[in-house]
Structure formats: structure tokens, C-alpha cells
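**Student:**
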Amino acid sequence: MQNIKDKKVILGVTGSIAVYKIVELVRAIIKSGGQVKVVQTESSRYFVGSLTFETLTRNKVYSGMFDNNASWEMNHISLADWGDILVIAPATANIIAKAATGIADDLLSTLFLAFDKQVLLVPAMNVRMFNSPATQKNIQELKERGIHFIEPEEGLLASGQTGKGRMPEIGTIFDELVRLMYVNKDYMGKRVLVTAGRTEEMIDPVRILTNRATGKMGIEIARAARNRGAEVTLILGPTHLKPPLNIKTVNVTTAEQMHRAVESEFNNCDILVMTAAVADFTPEVTWESKIKKASNEFELNLKPTVDILGSISANKGERIVVGFALETENEIKNAEMKLKKKLLDYIVVNNPLDEGAGFGTDTNVVRLISKDGHCETLPKMLKSELADIILDRILGTRQ
Ligand SMILES: Cc1cc2nc3c(=O)[nH]c(=O)nc-3n(C[C@H](O)[C@H](O)[C@H](O)COP(=O)(O)O)c2cc1C
């Protein structure tokens, strides 16, 4: 995670029950090579003591306005100079109100006023506190001033009520932090459309025809393009993976739905990357009720699905189109044929039988073939790293 490496993150922690979860964010930042200094409000220390944060960050925790080592040192200013970003998570209704109105009556609220770089607030509170006109007005005011927010999630809250107010998962907060810290914005102004995952074709109400793709590769491409400044649309088949924030996600199930979604989004994109493993065949009929085991034999008639790349290639224009090919034999020859037939600019070939390649893994091993016939063999690498290389090749920035 190059963009977090050596970055200095100030983590403001306030008095919400969600404090216990934020300890994991500290670990994630440090694991990625970043540095963290924690500023805790007095209330937050009722939930998790400073020792936990001090041990994890190997830095002292800042809390009181006047508890400096040297009486002349002003922590709110020296911290504001030190940090590249201020993340307040969980952010109470109280700190949001103070930030919106400029109240500076403790170290964290004073630091907020003095901090002139990027700020990310992650509210966490009871649904009624979150929906209250005061909190909503304060959030709106701060957004208008350029403060970044991650919306709380809906679900069961610590109070026992259900509603919007739950702090998002640590992975989501970390992902947003990475996006904000990303320096390379070479996709700014570009619209990238990515398809990811598998499709499911219904045989009867309980049985489906599908494959093992999880969408991980496509999600990493969508995430990398978003981090680099692109406006990203992700057409996503069924998966257990969560689509990243700040990406327009269109959920589909069948090959036909995937086809329609691509057709409707294609005109609004500059670049299309098709990583989805779309079913080639679908049942001729879908049974309305569960098929009973009547005999030892059962014949399932299939018909071909629409060839999505083939159907849009006629309208391609100036757009760059990248396809993926999953081959277990004659990889290069088959991929080259697909590249030519579907007028692709690049084809990424992978063989799920290769060690480190395949479904749901964090790594991949691929070859990249361009329309001018150049074939590049890439070593095994993280799908997140591969995503950046594919985006580099598309822009022609790293040859
Ligand atoms: C058990 C408990 C849980 C709380 N959880 C939250 C919460 O999730 N969000 C919130 O905004 N306030 C919560 N509060 C209220 C805040 O702790 C209170 O408003 C406090 O003044 C916040 O101070 P701070 O913003 O300086 O940390 C909770 C209070 C208690 C006693």
C-alpha cells in the first residue's frame, strides 16, 4: 500500500461505543507502513484506555489541552503540522457539532480548527441522534466546507435500536483513507466502466448454473481507477465481496442483466474493462417449481447467451476496451483470437490452474496482450498491484 507508507495519520477518537473497533484501524495503518498519533477525548477514555493505543502506535496518546511535556509546546499546532490527514473515527454528534461551529474547548476540537489539510469524519451514534436536525445540519455544513465523511451504516445499534448510525467496517474506513492519500490522479476526468464477478442462470427456483468467479479482480480495478481519480461504474454479479465506496455499483444476476447493464452504461464511458465471468450458456427454459428426481437421468437443454463484447464492439468508437480470458489450455492462441474477433485493445489472460492465479485469491498470474500483438508476461502479484499495472498500460504510461 504505497500511498499509506510513510504517511502521517492523526486519529481523533471520541466517546462512542464504537471506539473498541477503531483499534483495528490503527493496526491496519501501521501494517501498511503508515504512522499514527492518537488524540483521545476525555469521554473516549471511558471506552478504551490510552494504553491500548500507546502500545499499538508506539507513540504517546494526546488527550488534555494542557498536559504537555514542555509548558511552551502547543500540541494542537505541532500535531496540525505533523499530520498529513486527520481522521476522526468514531466521530460523536458532539465533535461534529463542535467542528461545525468552531468550538475549541479541548485538544481534538482545537486541533480540528488548526488543521488545514484533509479531514475525514466517520460518524457513529444512535439513529435518532444521527437523524436529528442539528446533526444533519452540522454534517451538511462541514461537507460544504470540504470535510470528507463516510456515511454510517444501517443495522442493529448498541442501544438495541435498528437504523442508520453504525460505524462502517474498518476495511471501508481504511479504503477511504487510502483513496484520500492517493497522490497519482492520472485518471481524473476519465470514466471507467468495469464488470466483475460471475453470473447466475436459473434452472429452477433453487438451482443455478454459475462459475467460481468472485469479482475480486474487477473490484480491485474499479478501486484503483477510483483512487486515481476516475469516475467509476462497477457492474457486479453475485458475490460476498463489498463494492468499494464512491463507485456507482449496478448489481446484476444473470448474463442477460449484465448485457443490458453494459449496453446502458457503455455510451457514458471512455474505458471498459470486462473482468466478469459471464455464463456462455443459459437454460432454454427455467422451471417454475423445483425439479423432482423422477429418474436417474435428466437432460438440461442450454442456449447460448448474448456475447456482450461482440455486441458492443460495433459501437466502440474511440473507447478503450479490455477483455479478460480464462483459459486452461492454448492460452495465448485462444486469447489472441478473442482479442481480434472482439476488437479489443488489450486482453488479460489467466489460467486458474497456475499457482497463485484463480478464483477468490488475492494474487493473480497473467499475460497481457495488446492489439499490436505485444505479449507481456507478468509475475505473480497481488490483484491490487495488477490492477494498477493494467491501468498504467491503458494510459500507456509505463511500457
Ligand atoms: C455508553 C455510552 C455510549 C455512547 N455512545 C455514543 C455514540 O455512539 N455516539 C455519540 O455521538 N455519542 C455517544 N455517547 C455520548 C457521548 O459520549 C457524549 O456526547 C460525550 O459528551 C461525547 O464527548 P466527546 O465528543 O468529547 O468524545 C455515548 C455515551 C455513553 C454513556
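Heads up: the sequence shown is residues 251 to 649, going by the working numbering. No residue lacks a Cβ here, since even glycine has one placed at the ideal position from N, Cα and C.
1. Which whole runs of the alpha helix (DSSP H) in the segment 299-357 are 4 residues long or more, in chain order?
2. Can you tell me where the beta strand (DSSP E) with residue 446 in it begins and where it stops?
3. What do you reckon, is the C-beta of residue 344 under 7 Å from a heavy atom of ligand 1?
4. Only counting runs of 3 or more residues, tell me where the beta strand (DSSP E) segments fall wholly within the segment 583-646, in order along the chain.
5. Quick one, which of 533, 368, 449, 534 has its alpha-carbon nearest residue 431's?
6. Measuring only from the beta carbon, is residue 294 closer than 7 Å to any heavy atom that is part of ligand 1?
7. Which complete beta strand (DSSP E) runs does the segment 361-407 hold, if anything under 3 residues is left out?
8. Given that a residue counts as buried once 16 or more other Cβ atoms are within 10 Å of its Cβ, and exposed if not, what is residue 429?
9. Going by C-alpha distance, which of 591, 447, 521 is nearest residue 529?
10. For residue 450, collect the residues of the same chain with a Cβ closer than 6 Å to its Cβ; drop the 5 residues on either side in sequence, then sort them by chain order.
11. Report the rounded CA-to-CA distance for residue 566 versus residue 494, giving the unit in angstroms.
12. Just checking, does the segment 615-630 make contact with the segment 592-606 on the three C-beta pairs under 8 Å criterion?
13. Rounding to the nearest angstrom, what Cα-Cα distance links residue 343 and residue 327 in this structure?
14. Sorted by chain position, which residues of the same chain lie with C-beta nearer than 8 Å to residue 359's C-beta, five sequence neighbours on each side aside?
15. Measuring only from the beta carbon, is residue 265 closer than 7 Å to any heavy atom that is part of ligand 1?
16. Residues in its own chain within less than 8 Å of residue 464 by CB, not counting five upstream and five downstream?
17. Over the uninterrupted beta strand (DSSP E) stretch that includes residue 271, give me the two end residues.
18. Verify whether the separation of the beta carbon atoms of residue 474 and residue 637 is less than 8 Å.
19. May I ask which residues mark the beginning and end of the alpha helix (DSSP H) holding residue 422?
20. If you measure from the CB of residue 351, is any heavy atom of ligand 3 nearer than 7 Å?
21. What number of angstroms, rounded off, separates the C-alpha of residue 481 from the C-alpha of residue 633?
22. Answer yes or no: the CB of residue 330 versus the heavy atoms of ligand 1, is any distance below 7 Å?
23. Tell me which same chain residues have a C-beta within less than 8 Å of the C-beta of residue 506, skipping the five on either side of it?
24. Out of curiosity, what's the CA-to-CA distance linking residue 648 and residue 641?
25. Report the residue from 547, 306, 331 whose alpha carbon sits nearest the alpha carbon of residue 279.
26. Roughly how far, in whole angstroms, is the beta-carbon of residue 341 from the beta-carbon of residue 363, given that I think they are within contact range, below 8 Å?
27. Which one or two residues does DSSP pair with residue 574 in a beta bridge?
28. Say the cut is 7 Å; is the CB of residue 268 nearer than that to a heavy atom of ligand 1?
29. Can you tell me the Cα-Cα spacing of residue 412 and residue 402, whole angstroms?
30. Tell me which residues share the same chain as residue 574 and place their Cβ nearer than 6 Å to its Cβ, disregarding the 5 neighbours each side in the sequence.
31. Quick check: does the Cβ of residue 340 come within less than 7 Å of any heavy atom belonging to ligand 1?
32. Less than 7 Å between C-beta atoms, sequence neighbours within five positions excluded: which residues of the same chain meet that for residue 271?
33. Within its chain, find whatever has a CB closer than 7 Å to the CB of residue 253; leave out the 5 residues flanking it on each side and keep chain order.
34. Hey, which unbroken runs of the alpha helix (DSSP H) at 4 residues or more fall wholly within the segment 481-518?
35. Using a Cβ-Cβ cut-off of 6 Å (strictly less than) and excluding sequence neighbours within five positions of residue 266, which residues of its own chain qualify?
36. Mind checking residue 260: buried by the 16 CB within 10 Å criterion, or exposed?
**Tutor:** In this structure, then:
1. Whole alpha helix (DSSP H) segments, 4+ residues: 300-307, 325-332, 343-351.
2. As a working mapping, residue 446 is identified with position 196 in the sequence shown. According to the DSSP assignment, residue 446 belongs to the beta strand (DSSP E) that extends over 441-446.
3. Locating residue 344 in the sequence shown gives position 94, counting from the first residue. At least one heavy atom of ligand 1 lies closer than 7 Å to the C-beta of residue 344.
4. Here the runs fully enclosed are 596-600, 616-620, 625-627.
5. To locate residue 431, count along the sequence shown from 1; it is residue 181. Of 533, 368, 449, 534, the smallest CA-CA separation from residue 431 is found for 368.
6. The residue labelled residue 294 in the question sits at position 44 within the sequence shown. Result yes, Cβ under 7 Å from ligand 1.
7. Correct list: 368-373, 403-406.
8. By one-based count along the sequence shown, residue 429 stands at place 179. Counting of Cβ neighbours within 10 angstroms places residue 429 among the buried residues, the total reaching 16 or more.
9. Residue mapping note: residue 529 aligns to position 279 of the sequence shown, counting from 1. Among 591, 447, 521, the Cα nearest to that of residue 529 is on 447.
10. Translated into positions along the sequence shown, residue 450 becomes position 200. Here the set comprises 458, 460, 488, 503.
11. In the sequence shown, the residue the question calls residue 566 occupies position 316. In the sequence shown, the residue the question calls residue 494 occupies position 244. Looking at the two C-alpha atoms, the distance is approximately 27 Å.
12. Yes, since at least three Cβ pairs between the segment 615-630 and the segment 592-606 fall closer than 8 Å, the two stretches touch.
13. Here residue 343 corresponds to residue number 93 of the sequence shown, with the count starting at 1. Here residue 327 corresponds to residue number 77 of the sequence shown, with the count starting at 1. Spanning the two alpha carbons is a distance of roughly 24 Å.
14. One-based indexing of the sequence shown puts residue 359 at position 109. Answer for residue 359: 345, 348, 349, 353, listed in chain order.
15. As a position in the sequence shown, residue 265 is number 15, starting the count at 1. At least one heavy atom of ligand 1 is found less than 7 Å from the C-beta of residue 265.
16. Reading the sequence shown from its first residue, position 214 is the one you call residue 464. Within the same chain, residue 464 has close Cβ partners 447, 448, 489, 490, 491, 609, 610.
17. Working through the sequence shown from its first residue, we reach residue 271 at position 21. Where residue 271 is concerned, there is no enclosing beta strand (DSSP E), although the alpha helix (DSSP H) around it starts and stops at 269-281.
18. Numbered from its first residue, the sequence shown carries residue 474 at position 224. Numbered from its first residue, the sequence shown carries residue 637 at position 387. Yes, these two residues count as a Cβ contact at 8 Å.
19. Residue mapping note: residue 422 aligns to position 172 of the sequence shown, counting from 1. For residue 422, the enclosing alpha helix (DSSP H) begins and ends at 420-431.
20. Ligand 3 is absent from the structure shown, which contains only ligand 1.
21. In the sequence shown, counting from the first residue as 1, residue 481 sits at position 231. In the sequence shown, counting from the first residue as 1, residue 633 sits at position 383. Using only the alpha carbons, I get a separation of about 20 Å.
22. Locating residue 330 in the sequence shown gives position 80, where the first residue counts as 1. Result no, Cβ not under 7 Å from ligand 1.
23. Reading the sequence shown from its first residue, position 256 is the one you call residue 506. Beyond the five residues adjoining it in sequence on each side, residue 506 comes within less than 8 Å, by CB distance, of 532, 555, 556 in the same chain, given in chain order.
24. Numbered from 1 along the sequence shown, position 398 holds the residue referred to as residue 648. Numbered from 1 along the sequence shown, position 391 holds the residue referred to as residue 641. Because the pLDDT of residue 648 is 43, which lies under 50, any placement of that residue in the model is unreliable, and the number read from its coordinates should be weighed accordingly. Approximately 9 Å between the Cα atoms of the pair.
25. Numbered from 1 along the sequence shown, position 29 holds the residue referred to as residue 279. Closest by C-alpha distance to residue 279, out of 547, 306, 331, is 306.
26. Walking along the sequence shown from the start, residue 341 turns up at place 91. Walking along the sequence shown from the start, residue 363 turns up at place 113. The beta-carbon separation of residue 341 and residue 363, rounded to 15 Å, does not stay under the 8 Å limit for a contact.
27. Mapped onto the sequence shown, residue 574 falls at position 324. As DSSP reads the structure, residue 574 sits in a beta bridge with 598.
28. Within the sequence shown, numbered from 1, the residue matching residue 268 stands at position 18. For residue 268, the shortest C-beta to heavy atom distance toward ligand 1 is below 7 Å.
29. Sequence index remark: in the sequence shown, residue 412 carries index 162 (1-based). Sequence index remark: in the sequence shown, residue 402 carries index 152 (1-based). So the alpha carbons of these two residues sit roughly 12 Å apart.
30. As a working mapping, residue 574 is identified with position 324 in the sequence shown. Once the five neighbours on either side are set aside, the close Cβ partners of residue 574 are 525, 598.
31. As a position in the sequence shown, residue 340 is number 90, starting the count at 1. Yes.
32. By 1-based counting over the sequence shown, the position of residue 271 is 21. Closer than 7 Å at Cβ, skipping near neighbours: 417, 420.
33. Counting from 1 along the sequence shown, the entry for residue 253 is found at position 3. 428, 431, 432, 433.
34. With a minimum length of 4 residues, the continuous alpha helix (DSSP H) runs that stay inside the segment 481-518 are 505-516.
35. Looking up residue 266 in the sequence shown gives position 16. Result list for residue 266: 340, 342, 374, in chain order.
36. As a first step, residue 260 must be located in the sequence shown, where it is residue number 10. Result: buried.
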